[in-house]
Structure formats: C-alpha cells, structure tokens
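Here the sequence shown is numbered in the working numbering, starting from 74 and rising by one per residue.
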Amino acid sequence: MIEKSPNRSYIVVSFNERDIFELATLRTALEVMGARLALQRSYTSSALAAAIPAIASAAENRDLKSLAAADRRFHEILIECADHRRLLESYHALQDQIELAMLNVQKHELNIAGIADRHARLVALATNPDKFVEELSRHIREGMGVSDISVLI
C-alpha cells in the first residue's frame, strides 16, 4: 500500500500478518457471496472458462505482470456475473490492496505451476455451488498465505 503523509513524500507500506488475514477474510466473504449469486446464472461457467487461456499463457511464458492481470480478471468475472452493483464496487475498492498483499506473500514462494489448472478446477465445480465455494475459499487461502478462513464459508 502507498501512503502520503502531509508535507512528505509517498512511502510504500508493507503488509503484516493481520493485514493479510483481514484482506483474505474480506475477499473470501465477497467472493463467496458473489459465487453464490453468480452460479445461479447459466453463463457464469463459460465466462470463467474464457479467462483460463490468458492465465495459462501468462504462466507458460512466466509473464508475472500478465499473470497477475489474468488472475485478477478471473476473479473479477466471478463478481461481475453476480450482477450485484454494490458487491462489484466493494470488490473493486479492495482489488489493489488484495493484489499487493498477494505479491507481498508470493514474493517468497510464487507457485506458477498449475495455476491454470487450479482455476479450471473452480470452473469444473460451477455446477455444484457448495463444492465451488469450498474450493474457492481454499484457493484464496492458499493464494494469500492464510491458514484458515473456513469460518466464512
């Protein structure tokens, strides 16, 4: 996160464990709500599936900037398919912080291998909302390096 103090320059603020936990739990709550709404719509699965090739291509090319954008887009599509304006606005307000927190966590252990498969697994579960939500929670937890947020499912 970047902060500016009065009459001072900008500084980069690092995330502590509490920050990561708060962002992961809030992200999970928003995405789970979005998933429950989105999976009621027939087009959600195909919309999510359409985002997988960009993730796979970026991972194969080890293009971290494109990979971050493709991953972000996949999750944003899920929220968009919920067709809930305030949810989307809330999610957008957190996206940059979520991405920075993930980069903070993943700089130590970036796991590109299988990232497209992990997203494809979510798409495959789109016909079973409970399983989808369970997998989504695990997906977020692992991606953000948080041990347990299952209380939110």
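Don't be surprised by glycine CBs; every beta carbon is placed ideally from N, CA and C.
These figures come from a predicted structure and were not determined experimentally.
{"Item": "Here's the rule: buried if 16 or more other CB atoms are within 10 angstroms of the residue's CB, otherwise exposed. What is Ser118?", "Value": "buried"}
{"Item": "Roughly how many angstroms separate the alpha carbons of Leu29 and Arg194, rounded to a whole number?", "Value": "Nothing in the structure corresponds to residue 29, since the chain is present only between 74 and 226."}
{"Item": "Measure from the alpha carbon of Arg91 to the alpha carbon of each residue in Lys204, Val178, Ala127, then state which is nearest.", "Value": "Val178"}
{"Item": "Given a threshold of 16 other Cβ atoms within 10 Å of its Cβ, counted over all protein chains shown, does Tyr36 qualify as buried or as exposed?", "Value": "There is simply no residue 36 to check, as the chain begins at 74 and stops at 226 in what is shown."}
{"Item": "If you follow the alpha helix (DSSP H) that Thr117 is part of, which residue opens it and which one closes it?", "Value": "117 to 122"}
{"Item": "In terms of residue numbering, what span does the alpha helix (DSSP H) encompassing Ala141 cover?", "Value": "137 to 154"}
{"Item": "In whole angstroms, what separates the C-alpha of Asp190 from that of Ala124?", "Value": "12 Å"}
{"Item": "Measuring only the C-alpha atoms, how far is Val206 from Arg114?", "Value": "15 Å"}
{"Item": "How big is the Cα-Cα spacing for Gly216 and Leu173?", "Value": "12 Å"}
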